[in-house]
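So the sequence lines, in the order shown, correspond to chains A and B. Heads up: the first sequence begins at 86 in our numbering, then just goes up one per residue. Heads up: the second sequence begins at 91 in our numbering, then just goes up one per residue. Where is the CB? At the ideal position from N, CA and C, for every residue including glycine. Written below as structure tokens is the structure these notes are about.
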Amino acid sequence: MTLAVDVALRRGEFEVRAAFEAEAGETVALLGPNGSGKSTLVLAIAGLLPPAEGTIALDGDVLDDEGGHVPPDRRPIGVVFQDLLLFPHLSAVENVAFGLRARGTDAGDARARARHLLDRLGLGDRADARPRDLSGGEAQRVALARALIGEPALLLLDEPLSALDVGTRIEVRELVREQLRGFPGVRVVVTHDPVEASALADRLILLEDGRVTQIGSPQDIRAAPRSRYAADFVGVNAFQGRLERLADGAGGIAVGEDAEVVVPWPEAFSGGDVIALLRPADVTLSLEAPTGSARNVFDGPVSWVAVDGELARVRVASVPPLVAAVTLGSVDRLGLREGVLVWASFKAVEVRVLPR
Amino acid sequence: MLLVALPLLGLILRTPWARIGEVLTSEIVVTALRLSLIVATSAAAISFVLGFPLAWMLVRSPFPGKTFVRALVILPLVMPPVVAGVGLLAAFGRRGIVGSWLYEWFGFQLTFTTGAAVLAATFVSFPLAVLALEAGLRGLDERLEHAASTLGASRWYVMRRVTLPLMAPQIAAALVLSWARALGEFGATITFAGNLQGRTQTLPLAVFERLQTDPEAAFAISMLLIAIAFAVIIGLRGRFLR
Numbered sequence: 086m087t088l089a090v091d092v093a094l095r096r097g098e099f100e101v102r103a104a105f106e107a108e109a110g111e112t113v114a115l116l117g118p119n120g121s122g123k124s125t126l127v128l129a130i131a132g133l134l135p136p137a138e139g140t141i142a143l144d145g146d147v148l149d150d151e152g153g154h155v156p157p158d159r160r161p162i163g164v165v166f167q168d169l170l171l172f173p174h175l176s177a178v179e180n181v182a183f184g185l186r187a188r189g190t191d192a193g194d195a196r197a198r199a200r201h202l203l204d205r206l207g208l209g210d211r212a213d214a215r216p217r218d219l220s221g222g223e224a225q226r227v228a229l230a231r232a233l234i235g236e237p238a239l240l241l242l243d244e245p246l247s248a249l250d251v252g253t254r255i256e257v258r259e260l261v262r263e264q265l266r267g268f269p270g271v272r273v274v275v276t277h278d279p280v281e282a283s284a285l286a287d288r289l290i291l292l293e294d295g296r297v298t299q300i301g302s303p304q305d306i307r308a309a310p311r312s313r314y315a316a317d318f319v320g321v322n323a324f325q326g327r328l329e330r331l332a333d334g335a336g337g338i339a340v341g342e343d344a345e346v347v348v349p350w351p352e353a354f355s356g357g358d359v360i361a362l363l364r365p366a367d368v369t370l371s372l373e374a375p376t377g378s379a380r381n382v383f384d385g386p387v388s389w390v391a392v393d394g395e396l397a398r399v400r401v402a403s404v405p406p407l408v409a410a411v412t413l414g415s416v417d418r419l420g421l422r423e424g425v426l427v428w429a430s431f432k433a434v435e436v437r438v439l440p441r
Numbered sequence: 091m092l093l094v095a096l097p098l099l100g101l102i103l104r105t106p107w108a109r110i111g112e113v114l115t116s117e118i119v120v121t122a123l124r125l126s127l128i129v130a131t132s133a134a135a136i137s138f139v140l141g142f143p144l145a146w147m148l149v150r151s152p153f154p155g156k157t158f159v160r161a162l163v164i165l166p167l168v169m170p171p172v173v174a175g176v177g178l179l180a181a182f183g184r185r186g187i188v189g190s191w192l193y194e195w196f197g198f199q200l201t202f203t204t205g206a207a208v209l210a211a212t213f214v215s216f217p218l219a220v221l222a223l224e225a226g227l228r229g230l231d232e233r234l235e236h237a238a239s240t241l242g243a244s245r246w247y248v249m250r251r252v253t254l255p256l257m258a259p260q261i262a263a264a265l266v267l268s269w270a271r272a273l274g275e276f277g278a279t280i281t282f283a284g285n286l287q288g289r290t291q292t293l294p295l296a297v298f299e300r301l302q303t304d305p306e307a308a309f310a311i312s313m314l315l316i317a318i319a320f321a322v323i324i325g326l327r328g329r330f331l332r
């Protein structure tokens, strides 16, 4: 079973173009910042937004193409929406039974099956509660049960954890992961949270500004992030811009009004739009202007310090902004904390340049 | 406060409490009451049935001239009822643009029938129903209907199990407000439908007639209408009025 999407979607001025496939048994995450077009894709796959061009097919059945559009009520797709959208006037069990009753199962039968599913999700005693009386985690489970009860071929989760507070989020994430693992069809999770995506998905589809920028396993993307967003995702510094050849033969990427990052000139290709990556461990911090061999030197105030074991990640609000990984010893020795002015430097040879 | 309280006080003092039972069970009042209930209930029902699709169009579907249509719908609300009656005569009267045609072809005359009283009452109460239903549709989260359709619900099923139940308070408001407005309708009815006992003489018309011959009876019927008005307010309280 395969979901195959290759569409252009339009909502007002905004256009989303995306092509990807998802197989049964794997969990695919659509990962992107807010406004990247994730929700628009959800609407299209669910059948609520007919594509302007292209096709959507599930298991060989064409759901959308030039010739036709299968309406949402005739798609074998279960959706858990971002705000859950439980029916406020129906009890939990009626919410879950809704899909069965809409498709013709008689009320008693539908309710019995809904109750059974809620039992399995540990919500047996909340079956008669109205959505407004459910906790965030409970409501999440009811929404999941409502989407699953019709035994869809595709399960689509839109920001499944965003409505929850931090405490319940971890608990519900485990539950969602378990449910995803037990679901035999195609599983698509939409999220803006890299942690959520890595926790739930086998494969990531990065979406930025209405375009797919990278597809791959979390490991693939960690090894070679191809955009600023992907780099943020894996926690490396990234500079995006046009690569020009400098007088001395090295490369230069303009990254601000008059800031330039010096990089090795790539032999494999000649200039153009590039993304340059720099590991935080390769950034050196000092309190005075460094006089060493580093060609890239930027100054600015520390904007945050995050301690992680024996290491700390320090963000410097320079142009361009940089994240450095330093030892706790250095943090103490230099007195690094928010607001301290520092110099961040790195050697050109440490920067990896990739074409865009 | 005084402005509202004084007429009420006056009515209470002038009502012939001793013979109120006798007045309210007199044939003229019983007939008018029954007719009033029939007319108001029909008008509220018609207002809802016709008002729902119209409110739906005003909220959900873009069409040219929407502003104009909305203005037209609200017009009967601000129009003097007697003018509404004259307008209805011009349209449905024996010499009206539609009425003359009805009369010539079918020998059917709407004026001076209960149907005319219903039409007059509907005309003035329809805007209230549309406004209430429009507010209900506007306040509805359309995404709930979308969620329902992804669960396999047809349009009709979504309407029956999601849209209408979620709009229940506004539907009740639409029915009650248009019913109350239709019950009190006077000007358009007397102009268009006339004042015929048993056919078009609703309670307000009966009050008007009694006032000239038997003022005490007029006060008694007025008390009855006020009682109904109070019942409506109590019924609405806690639901839409807070």
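Three-state secondary structure (DSSP) of V252/B: For the purposes of this step, residue 252/B is taken as the residue at position 162 of the second sequence. Looking at V252/B - three-state DSSP - the assignment turns out to be helix.
Beta-carbon within less than 6 Å of G326/A's beta-carbon, same chain only, minus the 5 sequence neighbours each way: which residues are those? Taking the first residue of the first sequence as position 1, residue 326/A is located at position 241. Closer than 6 Å at the Cβ level, and outside the excluded window around G326/A, lie I338, A339, V340.
So if I threshold CB-CB distances at 9 Å, which residues from the segment 216 to 250 of chain B count as touching chain A? Those would be D231, R233, L234, H236, A237, A238, S239, T240, L241, G242, A243, S244, R245, Y247, V248, in chain order.
Kindly indicate if chain A contains any beta-carbon less than 9 Å away from that of A95/B. Looking up residue 95/B in the second sequence gives position 5. Contacts with chain A at 9 Å (Cβ-Cβ) do not include A95/B.
Near A180/B, what residues of its chain come up, given a Cβ to Cβ distance below 8 Å and the 5 sequence neighbours on each side ignored? The sequence position of residue 180/B within the second sequence is 90, counting from 1. Cβ contact annotation for A180/B (same chain, cutoff 8 Å, sequence separation greater than five): G186, I187, in chain order.
Is E138/A helix, strand or coil when you go by DSSP? Locating residue 138/A in the first sequence gives position 53, counting from the first residue. Strand, per DSSP.
Let me see if you follow: with CB-CB separation under 9 Å, is L256/B close to chain A or not? As a position in the second sequence, residue 256/B is number 166, starting the count at 1. At a cut-off of 9 Å between C-beta atoms, L256/B counts as an interface residue with respect to chain A.
What residue range does the alpha helix (DSSP H) around P143/B cover? Position 53 of the second sequence holds residue 143/B. 117 to 150 is the span of the alpha helix (DSSP H), which, as asked, contains P143/B.
What does V252/B touch in chain A if you count any residue whose Cβ is under 7 Å from its own? Stepping through the second sequence from its first residue, residue 252/B is reached at position 162. Chain A residues near V252/B: F172.
T376/A to V368/A span [Cα, whole Å]: Along the first sequence, one-based indexing puts residue 376/A at 291. Along the first sequence, one-based indexing puts residue 368/A at 283. Between T376/A and V368/A, the C-alpha separation is close to 15 Å.
What do you get for W389/A, buried or exposed, if any count of 16 or more other CB atoms within 10 angstroms of its CB means buried? Locating residue 389/A in the first sequence gives position 304, counting from the first residue. Exposed is the call here.
So, at 6 Å on beta carbons, what are the nonlocal neighbours of A219/B in its own chain, with the 5 sequence-adjacent residues on each side left out? In the second sequence, the residue the question calls residue 219/B occupies position 129. Contacts found: S137, F138, G141, A264, S268.
Alpha-carbon spacing of S190/B relative to V266/B, whole angstroms: Here residue 190/B corresponds to residue number 100 of the second sequence, with the count starting at 1. Here residue 266/B corresponds to residue number 176 of the second sequence, with the count starting at 1. In this structure, the straight-line span from the alpha carbon of S190/B to that of V266/B is close to 34 Å.
Output the distance between the C-alpha atoms of L363/A and A309/A, rounded to the nearest integer angstrom. As a position in the first sequence, residue 363/A is number 278, starting the count at 1. As a position in the first sequence, residue 309/A is number 224, starting the count at 1. Approximately 11 Å between the Cα atoms of the pair.
With a 10 Å radius around its C-beta and 16 neighbouring C-beta atoms as the bar for buried, classify G357/A as buried or exposed. By 1-based counting over the first sequence, the position of residue 357/A is 272. Counting the other Cβ atoms within 10 Å of the Cβ of G357/A gives fewer than 16, which makes it exposed.
From the DSSP output, which residues share a beta bridge with R296/A? Numbered from 1 along the first sequence, position 211 holds the residue referred to as residue 296/A. Residue pairing of R296/A in beta bridges, as defined by DSSP: R102/A, E293/A.
Counting only runs that start and end within the segment 147 to 201 of chain A, where is the beta strand (DSSP E) found for 3 or more residues in a row? Listed in chain order, they are 162 to 165.
Near V119/B, which residues of its chain fall below 7 Å by C-beta distance, leaving aside the five closest residues on each side in sequence? In the second sequence, residue 119/B corresponds to position 29, counting from 1. Contacts found: V113, A296, I311.
DSSP state of P294/B mapped onto helix, strand, coil: Taking the second sequence and counting its residues from 1, the one referred to as residue 294/B is at position 204. Look at P294/B here: in three-state DSSP terms it is helix.
At least one CB of chain B closer than 9 Å to the CB of A187/A: is that the case? One-based indexing of the first sequence puts residue 187/A at position 102. Judged by the 9 Å Cβ criterion, A187/A is in contact with chain B.
So for V274/A, helix, strand or coil by DSSP? Within the first sequence, residue 274/A is the residue found at index 189, counting from 1. V274/A: strand per DSSP, three-state reduction.
Have a look at P143/B, L178/B, F282/B, L234/B and flag the residue whose alpha-carbon is nearest the alpha-carbon of P255/B. Walking along the second sequence from the start, residue 255/B turns up at place 165. Closest in C-alpha terms to P255/B, from the list P143/B, L178/B, F282/B, L234/B, comes L234/B.
Which residue's Cα is closest to the Cα of V359/A: R313/A, A374/A, R272/A? Position 274 of the first sequence, counted from the first residue, corresponds to residue 359/A. Minimum Cα-Cα distance from V359/A among the listed residues R313/A, A374/A, R272/A corresponds to R313/A.
Cβ contact check for the segment 149 to 158 of chain A and the segment 126 to 141 of chain A: 3 or more pairs under 8 Å: Yes, the segment 149 to 158 of chain A touches the segment 126 to 141 of chain A.
Pull up the distance between the alpha-carbon of F309/B and that of P97/B, whole angstroms please. Position 219 of the second sequence, counted from the start, is the residue given in the question as residue 309/B. Position 7 of the second sequence, counted from the start, is the residue given in the question as residue 97/B. Distance between the alpha carbons of F309/B and P97/B is about 11 Å.
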